[in-house]
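Working notes, structure below.
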Amino acid sequence: MGYLERKGIESFRKADVISNGSRPWDIQIHNKKFFSRLLKEGTIALGESYVDGWWDCKQIDQFVYRLLRSGIINQLHLSFIDKVKQARSTFFNIHSMKKSKKDVAFHYNIRNDLFECMLDKYMNYSCGYWKNAKTLDQAQKNKMELICKKLKLKKGMNVLDIGCGWGGLARYMADKYNVNVTGITLSQSQYAHAQKYNKTKRTHFLLQDYREHKGTYDRIVSVGMFEHVGYKNHKKFMKMVNRCLMHDGLFLLHFIAKSVSEKRNDPWIDTYMFPGTIAVSAKQVTSASEGIFYIQDWHNFGPDYYKTIKAWYTNIEKNWPELSKNYDEKFHRTWAWYLLCCSATSLARTHHLWQIVFSKVSSERIYERVT
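When we follow numbering that gives the first Met the number 0, the leftmost residue of the sequence shown carries the number 0, and every step to the right adds one.
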């Protein structure tokens, strides 16, 4: 046994993970070069080696959970390439309009059949609200209803949905609350779907960057999009919302958060799933909104993301016999690693799900909290 293999095995033991052990979170190693690759290349190699078939694990989420809670994951060094990327994101604004459009296309402009199998009937690609819910459909409906109640929607209001996805929330708000919703997205695939399945005159969709949008609205909502903005653009985003929001309006921001401020995402996620995304810290969101908005309500239901992502994973596994006609096994393992790793971050509480309700600093609104 070489030095790197011995060091890797000892590190995993500190996280209560045994190489080739019998418990469901123990990993089964198929390539003896695994630990050498991991210790030389850093965290990105953990996901890459799984996708390449170098190891397996019955419960990847529990395996990653243990690496996170023990702190072992933080001891893995970044590769040289990842250090260069991190430095670049520090000194330059990597979230230009051109780059943002390219990043969104990378993840969202694949075939819709995957998302149709994975998501609920409204195609919500964000955390559900599992209070009194037993199914994914109910949890996502709860989430949309919670958003509507927090926004205090009234018939005839004009609402802007920034990062509207496939248009499910817009359709729900328009149908149930009789409001007029404008949704904007950078994804051609999402835009086409929203146009096709939202027939009501109360919904309108634009293929547009948020920085280009003009208009005035009673309410503004953004679900699962703020992570794509980039920390150098947070203030610009808040100013855009402020410009488009009526004096006495409300703005709800729903996003994945971390307890510490970071300038770049996990290298594997950034490379293979969501280029340019960064979970947002409390310091970052309050700094961006300072002098522009009051915070009326702050709600953390991060543990619900674990249930949501596990439901997505279960749906993919259930539908894999049909999906495998269009996707290979490497794609299958890539999405399994992505979903189960993300669920583990929620379980370990390294990541959170926050909904914040804002009003303008000039507003005298008294807000009644909704749960």
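Don't be surprised by glycine CBs; every beta carbon is placed ideally from N, CA and C.
The beta strand (DSSP E) enclosing residue i, as first and last residue numbers
i	result
G180	Strictly speaking, residue 180 in this sequence is Val, with Gly absent from that position. Unbroken beta strand (DSSP E) run through V180: N179 to T184.
Q354	H350 to K359
R218	Y216 to V222
Y293	F292 to N299
Where residue i falls, given that 16 or more other Cβ within 10 Å makes a residue buried
i	result
E211	exposed
R5	exposed
Q74	exposed
V360	exposed
R110	exposed
E40	buried
R22	exposed
D160	buried
S288	buried
I268	buried
P320	exposed
G290	exposed
E363	exposed
T276	buried
Residue i in three-state terms, based on DSSP
i	result
T202	strand
M117	helix
F33	helix
K39	helix
A256	strand
W334	helix
M122	coil
M245	strand
W389	Because the chain here runs from 0 to 370, residue 389 falls outside it and cannot be looked at.
I26	coil
F250	strand
V279	strand
S18	coil
M239	helix
W267	helix
K154	coil
S362	coil
N111	helix
Q85	Here the model assigns Q85 a pLDDT of 48, short of 50, so the residue's position is not dependable, and the following value carries that caveat. In the structure shown, Q85 sits in a helix (DSSP, three-state: H, G or I).
V284	helix
Q207	coil
H212	coil
F273	coil
Y128	coil
Y230	helix
Terminal residues of the alpha helix (DSSP H) in which residue i lies
i	result
N141	L135 to K149
W311	P302 to L322
L157	In the sequence as presented, Leu is not what sits at residue 157; that position holds Asn. It is not in any alpha helix (DSSP H) - N157 instead sits in the beta strand (DSSP E) that spans N157 to I161.
F172	This sequence places Met at residue 172; Phe is not what is there. First-last of the alpha helix (DSSP H) with M172: G167 to Y176.
F62	I59 to S69
Q189	Q187 to Y196
T370	Where T370 is concerned, there is no enclosing alpha helix (DSSP H), given that its DSSP letter is neither H nor E.
Length of the line joining the Cα atoms of residue i and residue j
i	j	result
I26	H351	27 Å
K175	T202	12 Å
N241	K213	11 Å
I355	I28	43 Å
G70	I8	15 Å
M122	K130	19 Å
F33	K148	50 Å
L206	A281	30 Å
A169	R263	30 Å
K306	W54	25 Å
F44	S186	In the sequence on display, residue 44 carries Ala and not Phe. Whole-angstrom Cα-Cα distance: 29 Å.
G166	D208	16 Å
E338	R68	The amino acid occupying residue 338 in the given sequence is Leu; Glu does not appear at that position. The alpha-carbon atoms of L338 and R68 are separated by roughly 18 Å.
F11	L66	8 Å
W336	A132	26 Å
D303	N141	12 Å
N177	K257	35 Å
I183	H192	13 Å
M224	G1	45 Å
V284	T344	20 Å
R348	N299	11 Å
D327	Y190	26 Å
S286	S358	15 Å
H227	W297	20 Å
K324	N318	11 Å
Y64	L346	7 Å
M143	I308	17 Å
K151	T42	43 Å
Is it true that the stretch 45–53 meets the stretch 8–18, where meeting means three or more beta-carbon pairs spaced less than 8 Å apart? no
Can we say the stretch 207–224 touches the stretch 240–250, given the rule of at least three CB pairs closer than 8 Å? yes
Pairing CB atoms from the stretch 135–142 with CB atoms from the stretch 188–207, are three or more of them under 8 Å? no
With contact counted as at least three CB pairs below 8 Å, one residue from each stretch, are the stretch 144–163 and the stretch 328–343 in contact? no
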